[in-house]
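Comments concern the structure below.
Numbering (my numbering), first residue to last: 17 to 564.
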């Protein structure tokens, strides 16, 4: 008895589904919650720093508003301001503080400073005050500069620098709590899904055991037992009805065989000697029929294998490029990850490097996602013998760069031949269109030239000309100097399964795919000009939006 290989079970599917949904939902919730809490905490600490600076500004205003007349008054003013700043010792979070005066000169002058013990002094901010008018956070400290104003007149500025240890501790604590909560809920979801998975899979296993027993013993009197799941009971009832009908059929067949045996016995008595000759004729006929059936099955299997070979060749031909692009993107992402990991280990990792890695990672993942989707769409097109229109959204495209990227993806194949490819396109030609279909069209046309047009040719030439027409359509002319398209298939070149390589790896779906991509995905048209031994020229035209 044939057995299909086990792949997925209901229990495993339920486990993965529950874990994915619960884990994903909780992860998103945790990220949003953490971001909100961290923003609130950061705003609170910034408010406290601003309040301290405003308090010092208010306290120093009476002193700074008096212009000292001599050195002694100026020294007394400085002492008063330093005593004011020394009162910040009661604020453990304050690391440094400066007071700047602009009474005597238009340029701010530092007249008092405070540095917490065991803390490094901070240089004057006279030349960089504008950066600190709003609170700044650089990971370890908060810094701010507030003006000392009275009656629309500015007498100076207060600079305050506080530690951000409380904020960082809060961040670490909240992240730890969220991770622990995520793990706990995932574990609980796993246990619940495991339990319900058993409830859902147990009736199916019982039905499988019943059917396997019937297949082995041919005892159609066996019946599957009902369970607590209504949908399963409907299936069980259908199986039991099928078994009952099979049982009735077997009984009738046995009765019919018995009647035939009785009839044969009577006929044997009547025909006598003719029975032996009839048996011999029947035996020979049965053997001949069996041979015919075997030959018929062999022809069917051969045809299936031939179709399978064509289909596999077509899949390999069409799907190779998007998968290759996905592998290239993933390799680039792995290389960047190694560099990022090394920077992290060396403690040289910067926020700019992390940001760049995230942007490049998002771009590479989008490339992988788009190309895997493209490969899936192409495989589906082989099953349905039709090309499904690509769902890729339009984006900004540099046409020449897109053509060059397409050639780069075909480099493993192109470097094996000596043919030349000439591109004629303005480097500043930028349009908004669907890059995926254009890429796939060029790949199919180039591969078609390599496989068919340049068979037996060593130095072939391909010209790709792209330009924008007056009616805002992108016109692409693809031309090669190969053997051209045979007259017998020229009118049917865009039909499915039309190929000159039937049985040699050609699926006959390449040009059909090109036609569907141009007319459906890009809403354009394609024209063909070809003569035997004079090459071929395809003219593609489709509407685009011009990037301004």
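Cβ atoms here follow ideal geometry from the backbone N, Cα and C, with glycine treated the same way.
Under the three-state DSSP convention, the category residue i falls into
| i | result |
| --- | --- |
| residue 289 | coil |
| residue 485 | coil |
| residue 114 | strand |
| residue 377 | helix |
| residue 386 | helix |
| residue 172 | strand |
| residue 354 | helix |
| residue 124 | coil |
| residue 102 | helix |
| residue 156 | coil |
| residue 511 | coil |
| residue 95 | helix |
Residue i beta carbon near the ligand GTP (any heavy atom closer than 8 Å)
| i | result |
| --- | --- |
| residue 495 | Ligands are entirely absent from the displayed structure, and the ligand GTP is therefore not among its contents. |
Beta carbon proximity, residue i to chain D, threshold 9 Å
| i | result |
| --- | --- |
| residue 224 | The structure shown contains no chain D; it is built from a single protein chain. |
Cβ-based burial, residue i [other Cβ within 10 Å; buried from 16]
| i | result |
| --- | --- |
| residue 367 | exposed |
| residue 476 | buried |
| residue 362 | exposed |
| residue 224 | exposed |
| residue 436 | exposed |
| residue 459 | buried |
| residue 253 | exposed |
| residue 561 | exposed |
| residue 532 | buried |
| residue 428 | exposed |
| residue 319 | In this predicted model, residue 319 has a pLDDT of only 39, less than 50, meaning its place in the structure is not dependable; the value taken from the coordinates is given anyway. Its Cβ having fewer than 16 others within 10 Å, residue 319 is exposed. |
Inter-residue spacing [alpha-carbon to alpha-carbon] between residue i and residue j
| i | j | result |
| --- | --- | --- |
| residue 377 | residue 388 | 16 Å |
| residue 242 | residue 37 | 31 Å |
| residue 397 | residue 505 | Residue placement at residue 397 is flagged as unreliable, the pLDDT there being 46, under the threshold of 50; the coordinate-derived value follows with that caveat. Whole-angstrom Cα-Cα distance: 22 Å. |
| residue 509 | residue 382 | 34 Å |
| residue 282 | residue 295 | 16 Å |
| residue 200 | residue 41 | 14 Å |
| residue 392 | residue 335 | 8 Å |
| residue 108 | residue 178 | 9 Å |
| residue 175 | residue 46 | 36 Å |
| residue 467 | residue 483 | 27 Å |
| residue 317 | residue 307 | Legend: pLDDT at residue 317 = 44, less than 50; position of this residue unreliable, no value from coordinates given. |
| residue 190 | residue 157 | 19 Å |
| residue 465 | residue 39 | 50 Å |
| residue 301 | residue 221 | 45 Å |
| residue 411 | residue 452 | 10 Å |
| residue 342 | residue 456 | 14 Å |
| residue 501 | residue 310 | 40 Å |
| residue 161 | residue 351 | 43 Å |
| residue 551 | residue 438 | 15 Å |
| residue 488 | residue 549 | 34 Å |
| residue 265 | residue 507 | 55 Å |
| residue 538 | residue 447 | 13 Å |
| residue 288 | residue 271 | 26 Å |
| residue 259 | residue 244 | 21 Å |
Nonlocal neighbours in the same chain, by C-beta distance under 7 Å from residue i, ignoring five residues either side
| i | result |
| --- | --- |
| residue 369 | 356 and 359 |
| residue 58 | 153 and 183 |
| residue 240 | 222, 223, 226, 252, 255 and 256 |
| residue 324 | For residue 324, the predicted model reports a pLDDT of 45, less than 50, meaning its position is unreliable and no value from the coordinates is stated. |
Option nearest residue i by Cα separation, candidates the options
| i | options | result |
| --- | --- | --- |
| residue 409 | 454, 230 and 226 | 454 |
| residue 97 | 75, 255, 297 and 64 | 75 |
| residue 263 | 525, 450, 489 and 237 | 237 |
| residue 512 | 53, 299, 529 and 94 | 529 |
| residue 167 | 81, 135 and 197 | 81 |
| residue 163 | 469, 66 and 54 | 66 |
| residue 423 | 386, 413, 463 and 412 | 463 |
| residue 430 | 442, 549, 70 and 470 | 470 |
| residue 433 | 449, 473, 421 and 447 | 473 |
| residue 78 | 246, 105, 63 and 165 | 165 |
| residue 348 | 261, 244, 384 and 196 | 384 |
| residue 44 | 195, 495 and 304 | 195 |
| residue 187 | 277, 54 and 299 | 54 |
| residue 33 | 208, 303, 286 and 268 | 208 |
Contact set for residue i: own chain, Cβ-Cβ below 6 Å, skip 5 residues either direction
| i | result |
| --- | --- |
| residue 493 | 481 and 555 |
| residue 101 | 113, 128 and 130 |
| residue 543 | 555 |
| residue 337 | 425 and 459 |
| residue 526 | 460 and 464 |
| residue 126 | 114, 116 and 140 |
| residue 159 | 148, 152 and 177 |
| residue 553 | 495 and 545 |
| residue 540 | 534, 557 and 558 |
Residues near residue i by beta carbon distance below 8 Å, same chain, minus five either side
| i | result |
| --- | --- |
| residue 124 | 116, 117, 118, 142, 145, 172 and 173 |
| residue 137 | 112, 129 and 131 |
| residue 235 | 229 |
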